[in-house]
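Residue numbers (my numbering): 1085 to 1560. C-beta: ideal position from N, C-alpha, C; glycine also. Note sheet for the following structure.
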């Protein structure tokens, strides 16, 4: 997708439209994959995910999109999503059903599992052509028009008036607060509905609200690591409530199947009881953690840290960090996949530009150019991506000032600690970026025993100075 941080700092209408366009492109890609591999459950799931994310974007930022997609368009997206629902449901039921086919299962019950799995596959095969027809009707004819409508918008200006930018990050922050309030209200309703006929619907409403919060976070979590705890907690809630709902639906389907195949009535009822037992366990977990426990309060407590992280994204030209010299690599860092970084500085005295090549654990490579100004806790940092050809052409000029290291990022609460293991000298450093200069830093329990001293502001441990030092720095 587009640079997430750039979208956060963009004017809200521009950023929202670019976000919607990215979602539309993901939908096109998923749609093409489904056409190529319609029998693959993951291809069906991919289109459903892309549809859900696009619809979530349109819902979350509807007033910024100036009704680019009309009510009929939104209805078409909903119908496209609904068209794939019966196919996806059978994929989910089939996968869940197979999880019960353990070796200790009674032979007759296993035969019932196999029969039901075949029945689900037949139903899926029959429904797939209808789903394809519905996609061809409600989705395919509109993609180009939606692309055009989202790509253009009108800005109204008053002559002589100063335009005040309203960044998308501010809107995302406000939406986070709304989404959390909705989740808290839904959790109260679900808790009150336990044991009543409305229990399933109330839990489903809670799951939808959690799902929307998670969708709101998806575009930004890679660019803003501090969102990870909130995203992970929302994912756990969505998965837990969804698993209970899937088990409830599957047990109901198994019992109905006894009418179709009376000869398997007994083992099917046994299977339904087994599924129900798991559902009860799942329901107890949801009730304990999400309706009566502290998980909802924990989720709400994470929102301020997420909002602060988004606000800091607006100040991405300012770096506020503290740095510590380590005498030992923390175990948690040693077991965290690292990014291999090679960086060098172009010649200069007052202004020095840094080139960096970052190779991620998945093989992805990033090339950036950076200028930093100032010393101490707070420094100006101007950074932009560059292309590999320009990087390679400039890299030889950095021969006199280079460092090479592996960076391990370890999330801790609302911040992320970066542990740098230098490969060209015996040096270990830990850095943490902060929301403000007066933020108190509490060393995590896993890091504190490894710290020799704080070196924030010490020019000897500035990377640019390390790179041109006549003798490698040591932690000894």
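| query | result |
| --- | --- |
| Residue 1518 beta carbon less than 9 Å from that of residue 1499 | yes |
| Cα-Cα separation, residue 1131 to residue 1313 | 27 Å |
| Beta-carbon proximity of residue 1630 to residue 1160, cut-off 9 Å | Absent from the structure is residue 1630, since the part of the chain shown begins at 1085 and ends at 1560. |
| Neighbour-count burial assignment, residue 1356, 16 or more Cβ in a 10 Å radius | buried |
| CB of residue 1108 within 9 Å of CB of residue 1227, strictly | yes |
| Status (buried if at least 16 other CB within 10 Å, exposed otherwise) for residue 1238 | exposed |
| Residues near residue 1173 by beta carbon distance below 8 Å, same chain, minus five either side | 1333 |
| Nonlocal neighbours in the same chain, by C-beta distance under 6 Å from residue 1460, ignoring five residues either side | Since pLDDT at residue 1460 reaches only 49, below the 50 mark, its modelled position is unreliable, and the value read off the structure follows with that caveat. So the list reads 1541, once near-sequence residues are dropped. |
| 6 Å Cβ shell around residue 1204 - same chain, five flanking residues per side excluded | 1174, 1177, 1178 |
| Nearest residue (CA-CA) to residue 1139, options 1523, 1455, 1295, 1277 | 1295 |
| Own chain residues within Cβ distance below 7 Å of residue 1153, not counting five before or after | 1142, 1230, 1233 |
| Backbone CA spacing between residue 1432 and residue 1105 [nearest angstrom] | 41 Å |
| At least 3 beta-carbon pairs within less than 8 Å: the stretch 1485 to 1504 vs the stretch 1377 to 1384 | no |
| Same chain, Cβ closer than 8 Å to residue 1306, five either side skipped, listed in chain order | 1088 |
| Segment contact flag, the stretch 1115 to 1133 with the stretch 1273 to 1291, C-beta cutoff 8 Å, min 3 pairs | no |
| Beta-carbon proximity of residue 1532 to residue 1420, cut-off 9 Å | no |
| For residue 1537 and residue 1413, believed in contact at Cβ under 8 Å, the rounded distance | Actually they are not in contact, since the Cβ atoms of residue 1413 and residue 1537 sit about 16 Å apart, beyond 8 Å. |
| Residue 1228 - partner residues in DSSP beta bridges | For residue 1228, which the question treats as bridged, DSSP gives no partner whatsoever. |
| Where residue 1251 falls: helix, strand or coil (DSSP) | strand |
| Own chain residues within Cβ distance below 6 Å of residue 1534, not counting five before or after | 1410, 1412, 1414 |
| Three-state secondary structure assigned by DSSP to residue 1183 | coil |
| Beta-carbon spacing of residue 1250, residue 1090 below 9 Å | no |
| Reduced DSSP secondary structure (H/G/I, E/B, other) of residue 1241 | coil |
| Whole-angstrom distance between residue 1241 and residue 1322, CA atom to CA atom | 43 Å |
| The stretch 1465 to 1483 contacting the stretch 1435 to 1454, beta-carbon criterion three pairs below 8 Å | yes |
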